[in-house]
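Enquirer: Sequential numbering of the sequence shown, starting at 1, is according to full-length UniProt numbering. Structure incoming, see below.
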Amino acid sequence: MGQSGAFKLSKEGFVLLQFAPASGVRQYDWGRKQVFSLSVTEIGNIISLGARDSCEFFHDPFKGKSDEGRVRKVLKVEPLPDGSGHFFNLSVQNKLTNVDENIYIPITKAEFAVLVSSFNFVIPYLLGWHTFASSIKPEDANRANSANPRSGAEFEWSR
């Protein structure tokens, strides 16, 4: 919070998704895990997906740097053919470490619903809104209501 009392967000947060290739039935090779960072806008895209919708995100971690184009990450979220959920497909091509990995993860409708609920919960924190909300003191709200007792919902209901 600045001297004026205004809040300024210096940088939006993000969510890191970890993907590990399967090494057997319900077993994963976490030594070969890949990470994909989702911005708030990308999270919004996933949250808004319908049962038959898809989206795709492209990341180059070295964009604007000397190693630009050496690492390519693409996350595709596509509906399963039978409509029972979505496929999360992470493709990573890293010329620096000689990695070319494709990781497919089927997500059921129920799992997708939990993911969306988790994203909805975390978004205010990623945007910094929790800092503003926690700065509001209950006595400030009471003072505003006592200064004008016919404000807000009470005024609307009395119309």
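In this text, a Cβ means the ideal position worked out from N, Cα and C, and glycines have one as well. Remember, predicted model here, so these are calculated numbers, not experimental data.
Check Gly85 in the structure and name its three-state DSSP category.
Expert: The sequence position of residue 85 within the sequence shown is 85, counting from 1. Strand.
Enquirer: Measure the CB-CB distance between Asn120 and Ile46 and report whether it falls below 8 Å.
Expert: Counted from its first residue, the sequence shown places residue 120 at position 120. Counted from its first residue, the sequence shown places residue 46 at position 46. No, the pair does not count as a contact, with Cβ atoms beyond the cut-off.
Enquirer: Any idea if Gln18 is buried or exposed, counting beta-carbon neighbours within 10 angstroms, 16 or more meaning buried?
Expert: What you label residue 18 is simply residue 18 of the sequence shown in a count that begins at 1. Exposed: under 16 other Cβ atoms inside 10 Å.
Enquirer: According to DSSP, what are the bridge partners of Tyr104?
Expert: Taking the sequence shown and counting its residues from 1, the one referred to as residue 104 is at position 104. Asn89, per the DSSP bridge assignment.
Enquirer: Compare the beta carbon distance of Lys76 and Ser54 with 8 Å and say whether it is the shorter of the two.
Expert: Looking up residue 76 in the sequence shown gives position 76. Looking up residue 54 in the sequence shown gives position 54. A contact, by the Cβ cut-off of 8 Å.
Enquirer: Cα-Cα, which of Lys65, Gln27 and Ala51 is closest to His86?
Expert: As a first step, residue 86 is located in the sequence shown; it is residue number 86 there, counting from the start. Minimum Cα distance to His86 is reached at Ala51.
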